[in-house]
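Protein chains in written order, with numbering that gives the first Met the number 0: chain A, 0 to 166; chain B, 0 to 268.
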Amino acid sequence: MRLVAAFLAALLLQLGLTASHLWWVFAACQPLLLVVVATARRLNPVGVAWCGLAAGLASDAFAERIIGPGGIAGAVAGFAVALVVRRFEMEGPLYWIVGSLLVSACSELTWMLVLATLGVRPDHAFSGVLATVAMTGATGLVAAAGERALRAWRSPARHRRRVLRRL
Amino acid sequence: MVQLRSRADLAIVVVCVGLYIGSAAQVRFPLGGTALSFAVTTISSPALAIGNAIGRTWQVFWSGQRNLRSTLGELRRLRLESAELHRANQLLSAEVTALRQGSRLLAAYPSLADQAVLARVIARDLPRTQTLRLDRGSRDGIHVDGPVLAEGGLVGRVDRVLEHSCRVQLLTHPAAAAAAAVEGVQQEALLVGGDQPHLTGLSPYTQVPLEASVLSTGSEGIYPPGLLFGTTLEARNDGLFTIVPVRLAANAAEVTAVLVLAPAARGAP
Chain A
0 MRLVAAFLAA LLLQLGLTAS HLWWVFAACQ PLLLVVVATA RRLNPVGVAW
50 CGLAAGLASD AFAERIIGPG GIAGAVAGFA VALVVRRFEM EGPLYWIVGS
100 LLVSACSELT WMLVLATLGV RPDHAFSGVL ATVAMTGATG LVAAAGERAL
150 RAWRSPARHR RRVLRRL
Chain B
0 MVQLRSRADL AIVVVCVGLY IGSAAQVRFP LGGTALSFAV TTISSPALAI
50 GNAIGRTWQV FWSGQRNLRS TLGELRRLRL ESAELHRANQ LLSAEVTALR
100 QGSRLLAAYP SLADQAVLAR VIARDLPRTQ TLRLDRGSRD GIHVDGPVLA
150 EGGLVGRVDR VLEHSCRVQL LTHPAAAAAA AVEGVQQEAL LVGGDQPHLT
200 GLSPYTQVPL EASVLSTGSE GIYPPGLLFG TTLEARNDGL FTIVPVRLAA
250 NAAEVTAVLV LAPAARGAP
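Quick look at the structure:
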């Protein structure tokens, strides 16, 4: 259920970031891929691949592209990031940053490759790939910072300090 | 199909292959204006509206910040400019005052105008040394003992000359002295400086009218005769002389432009 909520929130965020009054660079950000990264800790690689597939299909549908290449790219990227996270037992900020960079890079490259095999001209070139990777990586950094802040907020040590202060 | 459901890894591969085929089909037969597009537009519009609202708010905030900064910068610049203009205005006002005073001075003594040097007071030390400093010096033809005239009357004499400036010993200086005569009184008297300049040397019980003009006689060899020192106050007897306090005509505290007469060019006004 939380996964579905996060997925929808990320989808809305991804759509919202393309708003004309926001900085144009934000449009390159792919929060849906962060949901894929987030599932890499809980699901097995195939499960993450399914999640990536859903994220890619949603991206394709909402970007009004050909529906399919994004799904395939998302599945491949999810599988790859899950394997890497498991292989290197990533945790904390490294998990978010490496995961977001890897998933966006894998997704973009696979997407380009699939489009190339279909003989379709992609709607963005290398600079677009770079922007997507950079912005998704930056979002991963923000997610890592947020997670750390949340952990600090919920930490038993902080709770103890608060209790002691009240005494 | 049952086997595919149980093997998720194979299922995703099959789905991907299906998607690939579907993509190829879409390439050949592009979809356009479908219900999907309408759904996408409908779903994305609230998110876009929120994004635009946030963007607009940020832009307003940012432009406000920028405007505030520029306004503060403009205010700072205007304050500096205003201070500069205020200073320039003060200087110009002083200049105009001095010019007016100089002009009136030249008009008051037309016969001396050719032989005198118009000078401006650049410093004054009335409480301690009872002197003025003028912006003219030996280079401008100023000499020691040159009488100094203000609009109201005499103020003193030059006692020190430098190349570009000179110092004036005021009539209020304790060492100042000048030969003077009171209008309506035959005798010549000596005007002595000090906090209250006064005439001395008049014989006792001399009748000195109040508010009578005290003029220079030129006997001491410094001041040309006939120039106004001031007016008399109430006379009193002090021993062998009648002492007459004098209210000086020129207020040294307000003088800004003076005429310095050349000692060699002394003559009647």
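Even glycine gets a Cβ: it sits at the ideal position worked out from N, Cα and C.
Counted within 10 angstroms of its Cβ, other Cβ atoms place residue i as buried (16 or more) or exposed
i                     : result
residue 0 (chain A)   : exposed
residue 13 (chain B)  : exposed
residue 229 (chain B) : buried
residue 7 (chain A)   : exposed
residue 167 (chain B) : buried
residue 107 (chain A) : buried
residue 149 (chain A) : exposed
residue 264 (chain B) : Low local confidence applies: a pLDDT of 47 at residue 264 (chain B) is under 50, so the model's placement there is unreliable, and no value is given.
residue 204 (chain B) : exposed
residue 122 (chain B) : exposed
residue 130 (chain B) : buried
residue 29 (chain A)  : buried
residue 164 (chain B) : buried
residue 47 (chain A)  : buried
residue 165 (chain A) : exposed
residue 3 (chain B)   : Note that residue 3 (chain B) has pLDDT 48, beneath the 50 cutoff, so the model's placement of it is unreliable and the number below is only indicative. Exposed is the call here.
residue 223 (chain B) : buried
residue 13 (chain A)  : buried
residue 100 (chain B) : buried
residue 267 (chain B) : Residue placement at residue 267 (chain B) is flagged as unreliable, the pLDDT there being 43, under the threshold of 50; the coordinate-derived value follows with that caveat. Under this definition residue 267 (chain B) is an exposed residue.
residue 1 (chain B)   : Bear in mind that a pLDDT of 47 at residue 1 (chain B), under 50, signals an unreliable position, so the number given afterwards is only what the model happens to contain. The residue is exposed, with fewer than 16 neighbouring Cβ atoms inside 10 Å.
residue 78 (chain A)  : buried
Sub-8 Å separation of residue i and residue j beta-carbons
i                     : j                     : result
residue 118 (chain B) : residue 254 (chain B) : no
residue 105 (chain B) : residue 112 (chain B) : yes
residue 151 (chain B) : residue 116 (chain B) : no
residue 99 (chain A)  : residue 136 (chain A) : yes
residue 84 (chain A)  : residue 153 (chain A) : no
residue 184 (chain B) : residue 207 (chain B) : yes
residue 225 (chain B) : residue 214 (chain B) : yes
residue 21 (chain A)  : residue 21 (chain B)  : no
residue 46 (chain B)  : residue 56 (chain A)  : no
residue 62 (chain A)  : residue 35 (chain B)  : no
residue 19 (chain B)  : residue 45 (chain A)  : no
residue 157 (chain B) : residue 147 (chain B) : yes
residue 198 (chain B) : residue 243 (chain B) : yes
residue 252 (chain B) : residue 153 (chain B) : no
residue 317 (chain B) : residue 245 (chain B) : Shown here, chain B extends from 0 to 268; a query on residue 317 (chain B) therefore has no answer.
residue 82 (chain A)  : residue 58 (chain A)  : no
Residue interval of the beta strand (DSSP E) (run including residue i)
i                     : result
residue 271 (chain B) : Within the shown structure, residues of chain B are numbered from 0 to 268, placing residue 271 (chain B) beyond reach of any answer.
residue 65 (chain A)  : Residue 65 (chain A) -> no beta strand (DSSP E), and no H or E assigned at all.
residue 137 (chain B) : Here residue 137 (chain B) belongs to no beta strand (DSSP E), and DSSP marks it neither H nor E.
residue 178 (chain B) : 176-181
residue 27 (chain A)  : Where residue 27 (chain A) is concerned, there is no enclosing beta strand (DSSP E), given that its DSSP letter is neither H nor E.
residue 262 (chain B) : Per DSSP, residue 262 (chain B) belongs to no beta strand (DSSP E) and is neither H nor E.
Residue range of the unbroken alpha helix (DSSP H) whose run includes residue i
i                     : result
residue 155 (chain A) : 155-165
residue 106 (chain A) : 91-117
residue 33 (chain A)  : 30-38
residue 6 (chain A)   : 1-15
residue 21 (chain B)  : 7-27
Going along the chain, which residues of the stretch 58-70 of chain B sit with their C-beta nearer than 8 Å to a C-beta in chain A?
58
Using 8 Å as the Cβ pair cut-off and three pairs as the minimum, do the stretch 40-54 of chain A and the stretch 79-88 of chain B touch?
no
Do the stretch 114-124 of chain A and the stretch 137-144 of chain A make contact, defined as three or more Cβ pairs closer than 8 Å?
no
Tell me, please, whether the stretch 179-189 of chain B touches the stretch 142-160 of chain B by the rule of three or more beta-carbon pairs shorter than 8 Å.
no
Three Cβ pairs or more, each shorter than 8 Å: is that satisfied between the stretch 87-94 of chain A and the stretch 58-73 of chain A?
no
Three or more C-beta pairs below 8 Å linking the stretch 127-136 of chain A and the stretch 71-80 of chain A
no
Three or more C-beta pairs under 8 Å: does that hold for the stretch 223-238 of chain B against the stretch 124-139 of chain B?
no
Contact set between the stretch 23-51 of chain B and chain A, restricted to residues whose Cβ is under 7 Å from the partner:
23, 25, 26, 35, 36, 39, 43, 46, 47, 49, 50, 51
Taking Cβ-Cβ distances below 9 Å as the criterion, which residues of the stretch 12-37 of chain A are in contact with chain B?
12, 13, 14, 15, 16, 17, 18, 19, 20, 21, 22, 25
Indicate whether the contact test is met: 3 or more Cβ pairs, each with one atom in the stretch 27-38 of chain A and one in the stretch 50-69 of chain B, closer than 8 Å.
no
When Cβ atoms are compared, which residues of the stretch 111-133 of chain A fall closer than 9 Å to chain B?
113, 114, 116, 117, 118, 119
Against chain B, which members of the stretch 77-103 of chain A pass a CB distance test of less than 7 Å?
none
If you measure beta-carbon to beta-carbon, which residues of the stretch 35-62 of chain A are closer than 7 Å to chain B?
45, 48, 49, 52, 60, 61
Would you list, in chain order, the members of the stretch 152-164 of chain A that have their beta-carbon closer than 9 Å to a beta-carbon of chain B?
none
Select from the stretch 137-150 of chain A all residues with a C-beta closer than 8 Å to any C-beta belonging to chain B, and list them in chain order.
none
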